[in-house]
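K.L.:
First the structure, then my questions, so here it is.
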Amino acid sequence: MTTIKTSNLGFPRIGANREWKKSLEAFWRKDKDVNDFLQEMDTRLKINIGKQKELDLIPVSDFTFYDHVLDTAVMFNWIPKRFRHITDPLSLYFAMARGTDDAVSCEMTKWFNTNYHYIVPEYDEETEYKLTENKPLAAYRKVKEEFGIDSKPVVLGIYSFVTLAKGYNDEEKGQIYNKLLPLYIQLLKELEAEGVTWVQIDEPALVAADNADVQAVKSLYEQIKSELTSVKILLQTYFDSVDEYKELITYPVDGIGLDFVHDKGKNFDSLKTHGFPVDKVLAAGILDGRSIWKADLEERLDFIQSLAGELDIAEFWIQPSSSLLHLPVEKHPDEHLDEELLNGLSFATDKLSELNLLKKGLISGKTSIQEEIKQSQNDLNILRQYAETGNREEGTQKELFHRELPFEERLTLQQNSLKLPLLPTTTIGSFPQTTEVRKARLKWRKKEWSDQEYESFIKAEIKRWIDIQEEIGLDVLVHGEFERTDMVEFFGEKLSGFAFTKYAWVQSYGSRCVRPPIIYGDVAFTEEMTVKETVYAQSLTSKKVKGMLTGPVTILNWSFPRYDLPKKEIAFQIARALKKEVEALEKAGITIIQVDEPALREGLPLKESDWNEYLTWAAEAFRLSTSSVEPTTQIHTHMCYSHFEDIVDTINDLDADVITIEHSRSHGELVNYLKNEPYEKGLGLGVYDIHSPRVPSVQEMIDIIDDALTVCPTDRFWINPDCGLKTRQQKETVASLKNMVDAAKQARKTASVQV
């Protein structure tokens, strides 16, 4: 008889009230000493384990002080040269994540196709490979001591770790594997000596691996397994189907984890075609680890039973499709959402409860959870009715997807109209949201301030920063976005079909947490969203002020989407609404309008074969929102963490007049790409890192500008920071921007109008 067990892949780190974030930032501010910080982190780990105690297999070492990929890099001594002089381990760790006065931080990029961002490991041939600390073992011991639980340590696998790293070429991969392999074996042997039963080795990169890589990685696991005697290995994949399923199931491991939610049915088809080994455990991801929506328990139970019917194995685990890192921890008792919506939600702790119910249904029969099944179906039926906002617009005319004139003709008109200097300077949009700004917003939301008082405060901040920008000498100004809590939430609050939470936080990167809006119904324009503040800012200066909007694909990708419509249709609904806002800004006299798409690449499917469909409708959604403006109106867009080369055709297809891209932490990779593949439209490569508090020197930025101008036309190159400045302090912001303007002035002296 098959044994059914419940398992989890990972749990949110941040705490229901962001306790993790608060401890971390207090430590960085030196408001908390290292002992208090470590004690609070231990407490947070234990609370997380306690919330999972009803599971049969509980993950550990998914918990981290910043990022689990950074943990792995530090654990294997992958320390970039610029940080090797730092002797204190914790200082070294955070220096790699955040940078220092003397060294830029490691690059940050998105974790596969999620909204989480990880620190990119940097390889260099001088790296001394060694296991500096067995972090999974330390976590296992803590949990064993506190709870008496034989937990399941989680380790980022050798293939995925190397795939996520940078600084090597393909020919060096084998050498890197050979150097890392003894460290993985040492780590696992130490876990084995401690009495660990199961280790979860995460290999999400295997879902898109080709046959050659799958074969090569198999040999690595053969070597690993040959050194072990008792500890069992679960090879865990997620986020998509495994292309090389037939080969994967021959790996010398004790269990395989597959995603049966985001696989488009392919993993199940492969299992039916090729079977599943009788001597392995199947860990089946059957609840969506990234969706906030309640599961239809009957549908899930029927699916699991049909899956189990294809198996002849001794042990079968049911689990979320991925780590629950991407979900809020739990529903907060003070969350003010309509009951119809709240009852349809399922956060991290709810997913675990659903798992336990499904296990009960599998073991004791469907009737044993009949009441819970009825409740889930009733909640979902009510949710569907609640989603009917009556605001759906059907169809879009094809001509609305294209600008009136091609770029080269628009460029001449815009240069004549805008009269900007060579190498114009600007910022990406937001300025520091100080304690005073946050307090003012809180007073207004608590009704302690009237609308008029709050508006007066916002106007004062806008005026103050317009004056600061003029004093610094920036060429194109912004109003600063002081009225906005978040670049997505702000717009969602003014559109139909969105709901907002007060406590449903998720981790974006490091200590940065966000509350993604919930798209539950049809999205439509209801009122002007940005015109008032932008027009006011423009009235204060003779320089151009950019209108600032968040693009349709980013709003979609940084929200929790509804489950009953294709993402393309949701994106088009948002685009139609934004189109009306763009037109309102233009009508009000704003002739530079930035529509940010920092998350466009984040929505890419993991497999390149699936990219075209997504990128086609993503570009169409952007053009739908921007193409109705006059040729003299300059459309900007901005992207973060982008591998430009992956989506250059789509970036062209957006038909934006100017694109600004985060660049400073990529160590010249984008410039190297542009040497062979020139980009002909307006381009601004970020000249300094806004994720770090350090103030870059003028010369650092001149070096970046000079490097960029070897591949970019000077008559269409812009100078700007990497991203918005919301999270920075005023002092460092002003100092950095002054240096940036000085760098631009010096660059103009030597720049030619030719490439």
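Just so it is clear: in the sequence shown, position 414 is 408 by the working numbering, and no numbers are missing. Quick reminder that beta carbons are idealized off the backbone N, C-alpha and C, glycines included.
#1: Taking 8 Å as the threshold, find out whether the region 725 to 737 comes into contact with the region 434 to 454 through three or more Cβ pairs.
#2: Quick one: Cα of residue 749 to Cα of residue 650, how far?
#3: How many angstroms separate the CA atom of residue 206 from the CA atom of residue 212?
#4: Within a Cβ cutoff of 6 Å, which residues of the same chain sit near residue 673, ignoring the five residues on either side of it in sequence?
#5: Just the Cα atoms here: how many angstroms apart are residue 128 and residue 586?
#6: Identify every residue that forms a DSSP beta bridge with residue 714.
#7: Measure the alpha-carbon distance for residue 725 versus residue 630 and round it to whole angstroms.
#8: How would you write the range of the beta strand (DSSP E) that residue 589 sits in, first residue to last?
#9: Assign residue 84 to buried or exposed, taking buried as 16 or more other Cβ atoms, counted over all protein chains shown, within 10 Å of its Cβ.
#10: Pairing CB atoms from the region 479 to 489 with CB atoms from the region 320 to 328, are three or more of them under 8 Å?
#11: How would you label residue 382, buried or exposed, when you count the other beta carbons within 10 angstroms and need 16 or more for buried?
#12: Flag residue 320 as yes if its beta-carbon sits less than 8 Å from any beta-carbon of chain D, otherwise no.
#13: If you drop the 5 nearest sequence neighbours on each side, which residues of the same chain put their C-beta closer than 7 Å to that of residue 422?
#14: Going by the beta-carbon positions, is the gap between residue -3 and residue 353 smaller than 8 Å?
#15: Over what stretch of residues does the beta strand (DSSP E) that includes residue 360 continue unbroken?
#16: Relative to the C-alpha of residue 18, which residue among 599, 683 and 504 is closest?
#17: Going by Cα to Cα distance, which pick from 605, 434 and 163 is closest to residue 118?
#18: Using the three-state DSSP reduction, which class does residue 13 fall into: helix, strand or coil?
#19: On the CB-based measure, 16 or more other CB atoms within 10 Å of its CB, does residue 330 come out buried or exposed?
#20: In this structure, does DSSP put residue 481 in helix, strand or coil?
#21: Taking only runs that begin and end inside the region 293 to 340, name each unbroken beta strand (DSSP E) of 3 or more residues, in chain order.
#22: Helix or strand or just coil, what does DSSP make of residue 582?
#23: In terms of residue numbering, what span does the beta strand (DSSP E) encompassing residue 154 cover?
#24: On the DSSP bridge assignment, give the partners of residue 519 in chain order.
#25: What do you reckon, are the CB atoms on residue 470 and residue 526 nearer than 8 Å?
#26: Quick check: residue 227 and residue 247, are their CB atoms within less than 8 Å of each other?
#27: What's the call for residue 523, buried or exposed, on a 16-neighbour Cβ count within 10 Å?
#28: What does DSSP give as the partner residue(s) for residue 554 in the beta ladder?
#29: Which residues in the same chain have their Cβ closer than 7 Å to the Cβ of residue 485, if we skip the five residues on either side of it in sequence?
#30: Taking the alpha-carbon positions, what's the residue 502 to residue 109 distance?
#31: If you draw a straight line from the C-alpha of residue 59 to the C-alpha of residue 35, how long is it?
#32: Under three-state DSSP, which class holds residue 749?
#33: Please report how far the alpha carbon of residue 38 lies from the alpha carbon of residue 22, in whole angstroms.
#34: Pick helix, strand or coil for residue 108, following the three-state DSSP scheme.
#35: Considering only residues of the same chain and omitting the five flanking positions on each side of residue 366, which have a CB-CB separation below 7 Å?
#36: Where residue 24 and residue 574 are concerned, what is the direct C-alpha to C-alpha distance, given to the nearest angstrom?
P.N.:
Here's the rundown:
#1: no
#2: Its pLDDT being 40, under 50, residue 749 is placed unreliably by the model, and the measurement read from it follows with that caveat. Straight-line Cα distance between these residues: approximately 21 Å.
#3: 10 Å
#4: none
#5: 53 Å
#6: 680
#7: 27 Å
#8: 586 to 590
#9: exposed
#10: no
#11: exposed
#12: Judged by its chain identifiers, the structure shown contains no chain D, having just a single protein chain.
#13: 632, 654, 714, 715, 717 and 718
#14: no
#15: Here residue 360 belongs to no beta strand (DSSP E), and DSSP marks it neither H nor E.
#16: 504
#17: 163
#18: helix
#19: exposed
#20: coil
#21: 309 to 314
#22: coil
#23: Where residue 154 is concerned, there is no enclosing beta strand (DSSP E), although the alpha helix (DSSP H) it sits in stretches over 152 to 158.
#24: 489
#25: no
#26: yes
#27: buried
#28: 512
#29: 523, 544 and 549
#30: 6 Å
#31: 8 Å
#32: Residue placement at residue 749 is poorly supported in this model, since its pLDDT is 40, which falls under 50; the coordinates still yield a value, given next. Three-state DSSP puts residue 749 in coil, outside helix and strand.
#33: 18 Å
#34: coil
#35: 291 and 351
#36: 47 Å
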